[in-house]
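In full-length UniProt numbering, the protein residues as written are 1 to 392.
Shown next, in structure tokens, is the structure this report addresses.
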């Protein structure tokens, strides 16, 4: 049976109550209550979540909308307010309530949406409940109309017409909002804005209770779809339940089964800043292997090379996991030349993954230029942002 969106909203609302409790809970105790609430929610719905009717990627996308960097909605507060006025079919008084977020002390837009819809709310019939997958499909459709979304999400280039985009977005929003209760509409609005600042939700905590192997997979891939698909592909013996005593060994075995994949950005390691000089840094390493690099003020990129693709062998990911291959096409040839791709003395024969910083070099000054000079050479989905008033 599909998971109703209201069930997810119940979890989020319970967590919000813990965060906004007055007087506030101590941090350690609040995290303990968070853990208990999340565990109870997943345990009660384990059979439903593990059924084929529930997409775990949709569930994770709803819990952590900010992680879906490939989905860009290009909908900020003012535009969303206008769209809501068109699709909610409310009376004038309640339409005016949607503008109250611009007044001090009246809350944010999400609170205004909840208040406006609560004014004339009827109990919802079970058969009319919006499912989690329907919400995820609506968000995917909206993101597909924005050219700043990832290439795996957005539609054809010739489909980006403003009038057509607004019509589809308004239609999709109306189909969902008109079936939601006030509290559900509040959380749906927060998903669109990718704003869960009211929560202190730990990613690792949710990953663990969804699947004990998921934290390990997310450290490798940092991508919901890739991590879930890799776990589905593990041998059947890895899918069996283990007791707590063998859980650590199980996760270690899974880590060895997970392999880097070309075309899927690898998760970045966790960095700890040494604040006491070299002596402090050495004490933090504590005998472990470490790497040392010279830090340049550039734009991080992860480069995937697949020689079997011929001229299109280069794929570049940004720090936020977005596929930036097209925007960084200006450095493709430099990457190929530096790696000697296509020559006998190339250091690899098939595939490789590299990490680096994208910098701008000046032949005039014989040095690396400031970070802000990058924006004149690197586009964002084909557009150069903030360069109109640059002096040079």
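Where is the CB? At the ideal position from N, CA and C, for every residue including glycine.
Distance from the CA of residue 90 to the CA of residue 171, rounded to the nearest whole angstrom, comes to 16 angstroms.
In this structure, residue 368 and residue 360 form a Cβ contact; the two beta carbons are roughly 7 angstroms apart against a cut-off of 8 angstroms.
By alpha-carbon distance to residue 78, the top candidate from 100, 141, 55 is 100. When secondary structure is reduced to three states using DSSP, residue 259 falls in the coil class, being assigned neither helix nor strand. Residue state for residue 203 is assigned as helix, using DSSP reduced to three classes. For the 8 angstroms CB-CB criterion, residue 177 and residue 38 do not form a contact. A distance below 8 angstroms between beta-carbons, with the five flanking residues on each side excluded, links residue 48 to the following residues of its chain, in chain order: 1, 3, 54.
Residue 351 sits in a strand when the DSSP states are folded into three classes. In the three-state DSSP reduction, residue 289 falls in the coil class, being neither helix nor strand. Spanning the alpha carbons of residue 25 and residue 14 requires a straight line of approximately 14 angstroms.
Per DSSP, reduced to three states, the secondary structure at residue 131 is strand. A residue is called buried when at least 16 other Cβ atoms come within 10 angstroms of its Cβ; residue 354 does not meet this threshold and is exposed. By the criterion of at least three beta-carbon pairs nearer than 8 angstroms, the segment 103–110 is in contact with the segment 177–194. The segment 61–71 makes no contact with the segment 30–46; the number of CB pairs closer than 8 angstroms stays below 3.
The alpha-carbon of residue 86 is positioned some 44 angstroms away from that of residue 314. The shortest CA-to-CA distance from residue 328 to any of 136, 123, 204, 357 is the one to 357. By the neighbour-count criterion, in which a residue is buried when 16 or more other Cβ atoms sit within 10 angstroms of its Cβ, residue 292 is exposed. With a cutoff of 8 angstroms on beta-carbon distance, residue 226 and residue 114 are scored as not near each other.
If you look at residue 6, you'll find it in the alpha helix (DSSP H) that goes 5–19. Judged by DSSP secondary structure, residue 314 falls within the beta strand (DSSP E) whose first and last residues are 314–318. Within the model, the alpha-carbon separation for residue 28 versus residue 10 is close to 23 angstroms. For residue 107, DSSP records no beta bridge to any residue. In this structure residue 197 is exposed. Its beta-carbon is surrounded by fewer than 16 other beta-carbon atoms within 10 angstroms. For residue 280, DSSP records no beta bridge to any residue. Of all alpha-carbon atoms in 267, 259, 129, 290, the one lying nearest the alpha-carbon of residue 274 is that of 290.
For residue 32, there is no enclosing beta strand (DSSP E); the enclosing alpha helix (DSSP H) has its first and last residue at 27–44. Ranked by how close their Cα comes to the Cα of residue 118, the residues 139, 93, 207 have 93 in first place. Spanning the alpha carbons of residue 7 and residue 135 requires a straight line of approximately 13 angstroms.
Assignment of residue 368 by DSSP, reduced to helix, strand and coil, places it in the strand class. Counting C-beta atoms within 10 angstroms of its own C-beta, residue 318 has 16 or more neighbours from the protein chains shown and is therefore classed as buried. For a cut-off of 8 angstroms, the C-beta gap from residue 207 to residue 214 is around 4 angstroms, short enough to register as a contact. For residue 306, the uninterrupted beta strand (DSSP E) run begins and ends at 299–306, by DSSP. Shown here, residue 323 sits in a strand according to DSSP, grouped into three states. By the beta-carbon neighbour count (other beta carbons within 10 angstroms, threshold 16), residue 334 is exposed.
DSSP places residue 380 within a strand segment (E or B) once states are collapsed to three. Looking at the backbone, the Cα of residue 287 and that of residue 280 are separated by about 13 angstroms.
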